[in-house]
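Quick note, the sequences are listed as chains A and B, same order. The first sequence maps to residues 65 to 368 in our numbering. The second sequence maps to residues 6 to 287 in our numbering. Even for Gly, the Cβ is constructed at its ideal location relative to N, Cα and C. Worksheet: one structure, shown below.
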Amino acid sequence: MTDTTAAAPHHSWFHRNRKTITPWLFLLPGILFFSVYVVYPIIQSINLSFYKWDGLGEAEYVGTANYERLVSDRAFTVSLFNNMKWLLLYLLAIPAGLFIALFLNQTVRGIRIYKSLFFFPFVISQVVVGLVFTWFYDPNFGLLNGILGAVGLGPINVLGDPALATYGIIAAGLWPQTAYCMILYLTGLNAVDPEQIEAARLDGAKGWRMLWHIIIPQLKPATFIAFVVTIIGALRSFDLISIMTNGGPFGSTRVLSFYMFEKALSEYGFRMGYGAAIAVVLFFIMLFFIAYFLWSMYQDEKGR
Amino acid sequence: MFPTPLERTSRSWQIGYQSLLPVAVIAWLLPLLAVAMFSVKPSSDFTGGDYWSWPSRFAGFENYGRVFTDSPMPRYILNSFMITIPTVIGAVALSCMTGFALGVYRFRFNLLVFFLFIAGNFVPFQILMIPVRDLTIDAGLYNTKLGLVLFHIAFQTGFCTLFMRNFIRALPFELIEAARVEGITEFQIFWHIVLPLMKPAIAALSVLIFTFIWNDYFWAVVLTQGPQAQPVTAGITSFNAQFGVAYHMLSAGSIVAALPPVLMFFLMQRHFIAGLTLGAVK
Numbered sequence: 065m066t067d068t069t070a071a072a073p074h075h076s077w078f079h080r081n082r083k084t085i086t087p088w089l090f091l092l093p094g095i096l097f098f099s100v101y102v103v104y105p106i107i108q109s110i111n112l113s114f115y116k117w118d119g120l121g122e123a124e125y126v127g128t129a130n131y132e133r134l135v136s137d138r139a140f141t142v143s144l145f146n147n148m149k150w151l152l153l154y155l156l157a158i159p160a161g162l163f164i165a166l167f168l169n170q171t172v173r174g175i176r177i178y179k180s181l182f183f184f185p186f187v188i189s190q191v192v193v194g195l196v197f198t199w200f201y202d203p204n205f206g207l208l209n210g211i212l213g214a215v216g217l218g219p220i221n222v223l224g225d226p227a228l229a230t231y232g233i234i235a236a237g238l239w240p241q242t243a244y245c246m247i248l249y250l251t252g253l254n255a256v257d258p259e260q261i262e263a264a265r266l267d268g269a270k271g272w273r274m275l276w277h278i279i280i281p282q283l284k285p286a287t288f289i290a291f292v293v294t295i296i297g298a299l300r301s302f303d304l305i306s307i308m309t310n311g312g313p314f315g316s317t318r319v320l321s322f323y324m325f326e327k328a329l330s331e332y333g334f335r336m337g338y339g340a341a342i343a344v345v346l347f348f349i350m351l352f353f354i355a356y357f358l359w360s361m362y363q364d365e366k367g368r
Numbered sequence: 006m007f008p009t010p011l012e013r014t015s016r017s018w019q020i021g022y023q024s025l026l027p028v029a030v031i032a033w034l035l036p037l038l039a040v041a042m043f044s045v046k047p048s049s050d051f052t053g054g055d056y057w058s059w060p061s062r063f064a065g066f067e068n069y070g071r072v073f074t075d076s077p078m079p080r081y082i083l084n085s086f087m088i089t090i091p092t093v094i095g096a097v098a099l100s101c102m103t104g105f106a107l108g109v110y111r112f113r114f115n116l117l118v119f120f121l122f123i124a125g126n127f128v129p130f131q132i133l134m135i136p137v138r139d140l141t142i143d144a145g146l147y148n149t150k151l152g153l154v155l156f157h158i159a160f161q162t163g164f165c166t167l168f169m170r171n172f173i174r175a176l177p178f179e180l181i182e183a184a185r186v187e188g189i190t191e192f193q194i195f196w197h198i199v200l201p202l203m204k205p206a207i208a209a210l211s212v213l214i215f216t217f218i219w220n221d222y223f224w225a226v227v228l229t230q231g232p233q234a235q236p237v238t239a240g241i242t243s244f245n246a247q248f249g250v251a252y253h254m255l256s257a258g259s260i261v262a263a264l265p266p267v268l269m270f271f272l273m274q275r276h277f278i279a280g281l282t283l284g285a286v287k
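Structural data, given as structure tokens:
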């Protein structure tokens, strides 16, 4: 009995404040992990970008020298330009995904299997997608040149040509990304209000007009998510480049994420500070989009 | 329904559509079908420079058999499982808790913490690379599966929290209110009321995270090397180096490496798609 009386004030304090304390107790492990592995490393990387460091010895403070060097580094400019190509062309996954979703949005026999098979590329790792497309493009035995040859064209060496290689890799990336957008739109189309469609049909709307004025506005949440995942996917591109060309030919397929990795962990010695500076540039490009995403989500939260 | 349901269209379009479907699917999966065909060709087909004819005989068993007997592939696959499964458990467990805290309680900084998790989930990996690698080396976890698992759990918590919080927000809040009136403790509310309702979210998130982590390549390259700890995505490159231009083996190896998430997808399709498309409908 003495035990309970001793514990009573403590218990009541906890009890009174339980709604304030409980959420923080539940958040604690998650926040701890996330701070150590995500939040703090971002700060460390930004800090490191002002140093020269080989990963072993003492880091030497160099101010903004790393950033100044970036401006005149041709490999950096090429990477940045390639990132822009990725961003713009990757967005094609959204209309392409919508197109396939519209094509598959029927209720015929076996349609579920077809939907799964179209979605299939998204489940495969990018490493395997990269290998599959490397062979697809192969100048000697690749299926692409087989097809081109059959219609009297080619042969072309997509990944060996600096002018084509980046587009070849982006095409490979669009394959799973289109599948992802397709599944988002299939779900969205499922939830489109049938009464509105019937009403519009009675008003004589069909085809493109129906799609543009009635369907696409209702697909807005799906479009937003498709946009978010596609932008992130474009800026994260690394696996495909690493597998398909390893940055070549002549560094023509590098993007910032790949170039950073190359600089920081290359066999020619680790240039951590310079790598960190590249990462910071990429981070701020991403931050621009993250801010937009969060702002949209905030508007949404307020609206509830 | 849009487009116009097939039964309301002309007979000729119905037939056209039905025959277009298989053609479209074959065209869509063509690069993959080519690899699948390569993987069952005998090596003699390739030495003759004969890439594109039908396999002269079915050599699937020996090719796939060799993937498992003549290479460290089984080791890589096992590593992948030993990295992926603990990550799924850890990330789901952590995010059940964070999602519960952010979904059920109204407190200052709620939205701020939530947005921090979302923002962190979107950052480029490269901004984390050097510090995370250093941290892993300092902790003596470089080239261990645990090193990868800890990072993956931490990073996936961002996405998982977004997922779980939004799922919990959609649950009927009256249930929790009623439980509070009954005098049930907050922890019991979590354990006995909210957690059972989260089962579909846990299932969906588990299959998603399984696929994401299985397919990770970047962190595998940054934090591990060699067959001791490397997962199959990173191992496949050394597998390819081992077999050089033996395309039947390379193809079989790739298919083996890709298979577990594919099986997961086909077995748990409903959960998988429910997870991926959360938020695509309001």
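Just checking my contact of residue i with residue j at CB under 8 Å: how many whole Å lie between their CB atoms?
| i | j | result |
| --- | --- | --- |
| Gly119/A | Phe334/A | 4 Å |
| Pro105/A | Leu133/B | 4 Å |
| Ala370/A | Phe186/A | Outside the shown range of chain A (65 to 368) lies residue 370/A, about which nothing can therefore be said. |
| Ser143/A | Pro129/B | Not quite, the Cβ-Cβ distance comes to about 13 Å (not below 8 Å), so this is no contact. |
| Thr309/A | Ala229/A | 6 Å |
| Gly125/B | Val191/A | Not quite, the Cβ-Cβ distance comes to about 25 Å (not below 8 Å), so this is no contact. |
| Ala157/A | Leu238/A | 5 Å |
| Phe51/B | Ser256/B | With a Cβ gap of about 10 Å, Phe51/B and Ser256/B do not count as contacting. |
| Ile278/A | Gln260/A | 6 Å |
Below 7 Å on C-beta distance, what does residue i contact in chain C?
| i | result |
| --- | --- |
| Met336/A | Among the chains of the structure shown, chain C does not appear; the protein chains present are A and B. |
Using a beta-carbon distance below 7 Å, is residue i in contact with chain B?
| i | result |
| --- | --- |
| Met350/A | yes |
| Pro285/A | yes |
| Gly213/A | no |
| Thr86/A | yes |
| Ile354/A | yes |
| Tyr323/A | no |
| Ile234/A | no |
| Leu358/A | yes |
| Asn231/A | Reading off the sequence, residue 231/A comes out as Tyr, not Asn. No, its Cβ sits nowhere closer than 7 Å to a Cβ of chain B. |
| Arg318/A | no |
| Ser189/A | yes |
| Val142/A | no |
| Met65/A | Below a pLDDT of 50, predicted positions are generally treated as unreliable, and Met65/A, at 42, falls in that range; no measurement from the model is reported. |
| Phe182/A | yes |
| Ala165/A | no |
| Arg82/A | yes |
Step through the CB atoms of chain A and report whether any lies within less than 7 Å of the CB of residue i.
| i | result |
| --- | --- |
| Arg220/B | For the record, residue 220/B in the displayed sequence is Asn; it is not Arg. Answer yes: the Cβ-Cβ gap between Asn220/B and chain A drops below 7 Å somewhere. |
| Leu210/B | no |
| Trp59/B | no |
| Ser49/B | no |
| Gln247/B | no |
| Val267/B | yes |
| Thr238/B | yes |
| Ile241/B | yes |
| Ile132/B | yes |
| Val286/B | yes |
| Thr229/B | no |
| field | Every unbroken alpha helix (DSSP H) within the stretch 285 to 341 of chain A, with a cutoff of 4 residues, ordered by chain | value | Every unbroken stretch of the alpha helix (DSSP H) spanning 4 or more residues and falling wholly within the stretch 285 to 341 of chain A is given here in chain order: 303 to 308 and 320 to 329.
| task | Count the CB pairs spanning the stretch 35 to 44 of chain B and the stretch 197 to 205 of chain A that are closer than 8 Å, and state whether there are at least three. | result | Between the stretch 35 to 44 of chain B and the stretch 197 to 205 of chain A there are three or more C-beta pairs closer than 8 Å, enough to call the two in contact.
| said: Could you check whether the stretch 223 to 241 of chain B touches the stretch 76 to 90 of chain B, counting it as contact only if at least three pairs of C-beta atoms, one from each stretch, sit closer than 8 Å? | reply: Cβ pair count under 8 Å is three or more, so yes.
| field | Against chain A: residues of the stretch 88 to 116 of chain B by CB proximity under 8 Å | value | Here the close residues are Leu99, Ser100, Met102, Thr103, Phe105, Ala106, Leu107, Val109, Tyr110, Phe112, Asn115 and Leu116.
| chain B contacts from the stretch 194 to 210 of chain A (Cβ-Cβ distance under 7 Å) | For the stretch 194 to 210 of chain A, the set of residues with a beta-carbon nearer than 7 Å to any beta-carbon of chain B comprises Leu195, Val196, Phe197, Trp199, Phe200, Phe205, Leu207 and Gly210, in chain order.
| field | Interfacial residues, the stretch 289 to 303 of chain A to chain B, with Cβ spacing under 7 Å | value | Legend: CB atoms of the stretch 289 to 303 of chain A lying less than 7 Å from CB atoms of chain B belong to residues Ile289, Ile296, Leu299, Arg300, Phe302 and Asp303.
| Are three or more beta carbon pairs between the stretch 269 to 284 of chain B and the stretch 213 to 224 of chain B nearer than 8 Å? | With the cut-off at 8 Å, the stretch 269 to 284 of chain B and the stretch 213 to 224 of chain B touch.
| request: Mind the definition here: the stretch 310 to 325 of chain A touches the stretch 265 to 282 of chain A only if three or more C-beta pairs lie below 8 Å; say whether that holds. | output: No contact exists between the stretch 310 to 325 of chain A and the stretch 265 to 282 of chain A.
| request: Please name the residues in the stretch 92 to 104 of chain A whose beta-carbon is closer than 8 Å to at least one beta-carbon of chain B, in chain order. | output: For the stretch 92 to 104 of chain A, which is checked against every Cβ of chain B, the residues closer than 8 Å are Pro93, Gly94, Ile95, Phe97, Phe98, Val100, Tyr101, Val102, Val103 and Tyr104.
| Which residues, in chain order, does the stretch 161 to 179 of chain B contribute to contact with chain A at a C-beta distance below 7 Å? | Against chain A - using a Cβ distance shorter than 7 Å - the residues of the stretch 161 to 179 of chain B are Thr162, Gly163 and Thr166.
| request: Could you name the residues of the stretch 244 to 275 of chain A whose beta carbon sits closer than 9 Å to any beta carbon of chain B, in the order they occur along the chain? | output: Listed by position along the chain: Tyr244, Ile247, Leu248, Tyr249, Leu250, Thr251, Gly252, Leu253, Asn254, Ala255, Val256, Pro258, Ile261, Arg265, Lys270, Gly271, Met274 and Leu275.
| request: Would you list, in chain order, the members of the stretch 106 to 132 of chain A that have their beta-carbon closer than 7 Å to a beta-carbon of chain B? | output: Within the stretch 106 to 132 of chain A, the residues whose Cβ lies closer than 7 Å to some Cβ of chain B are Ile106, Gln108, Ser109 and Leu112, listed in chain order.
| field | Contiguous alpha helix (DSSP H) assignments of at least 4 residues, all confined to the stretch 162 to 208 of chain B | value | If you keep only unbroken alpha helix (DSSP H) runs of at least 4 residues inside the stretch 162 to 208 of chain B, you get 178 to 186.
| Start-end ranges of the alpha helix (DSSP H) lying completely within the stretch 93 to 154 of chain A, minimum 4 residues | Scanning the stretch 93 to 154 of chain A for uninterrupted alpha helix (DSSP H) segments of 4 residues or longer gives 104 to 112, 129 to 136 and 138 to 154, listed from N- to C-terminal end.
| task | Determine, using beta-carbon pairs with one atom in the stretch 252 to 261 of chain B and one in the stretch 63 to 74 of chain B, whether at least three such pairs fall under 8 Å. | result | The stretch 252 to 261 of chain B, when compared against the stretch 63 to 74 of chain B, does touch it at the 8 Å Cβ threshold.
| field | alpha helix (DSSP H) segments (min. 4 residues) lying fully within the stretch 60 to 120 of chain B | value | DSSP runs (the alpha helix (DSSP H)) wholly in the stretch 60 to 120 of chain B: 65 to 74 and 78 to 109.
| message | Does the contact criterion of 3 or more C-beta pairs under 8 Å hold for the stretch 169 to 176 of chain B versus the stretch 93 to 113 of chain A? | response | These segments do not touch.
| When Cβ atoms are compared, which residues of the stretch 30 to 55 of chain B fall closer than 7 Å to chain A? | Of all residues in the stretch 30 to 55 of chain B, only Val30, Trp33, Leu34, Leu35, Pro36, Leu37, Ala39 and Val40 come within less than 7 Å of chain A when Cβ atoms are compared, listed by chain position.
| With a cut-off of 8 Å, do at least 3 Cβ pairs link the stretch 177 to 190 of chain B to the stretch 115 to 125 of chain B? | Judged by Cβ distances under 8 Å, the stretch 177 to 190 of chain B makes no contact with the stretch 115 to 125 of chain B, as fewer than three pairs qualify.
| message | As an exercise, report each continuous alpha helix (DSSP H) stretch of at least 4 residues that is fully enclosed by the stretch 192 to 232 of chain A, in chain order. | response | Segments of the alpha helix (DSSP H) lying fully in the stretch 192 to 232 of chain A: 207 to 214.
| query | Which whole runs of the alpha helix (DSSP H) in the stretch 261 to 287 of chain A are 4 residues long or more, in chain order? | reply | As far as the stretch 261 to 287 of chain A is concerned, its whole alpha helix (DSSP H) runs of at least 4 residues are 271 to 274.
| Cβ-based contacts, 9 Å cut-off: residues of the stretch 16 to 27 of chain B near chain A | Listed in sequence order: Gln19, Tyr22, Gln23, Leu25, Leu26 and Pro27.
| field | the stretch 65 to 79 of chain B: positions lying closer than 8 Å to chain A by Cβ | value | If the cut-off is 8 Å between Cβ atoms, the stretch 65 to 79 of chain B has nothing near chain A.
| What residues in the stretch 182 to 196 of chain B have a beta carbon less than 8 Å from any beta carbon of chain A? | Residues of the stretch 182 to 196 of chain B with a C-beta less than 8 Å from any C-beta of chain A: Thr190, Glu191, Phe192 and Phe195, listed in chain order.
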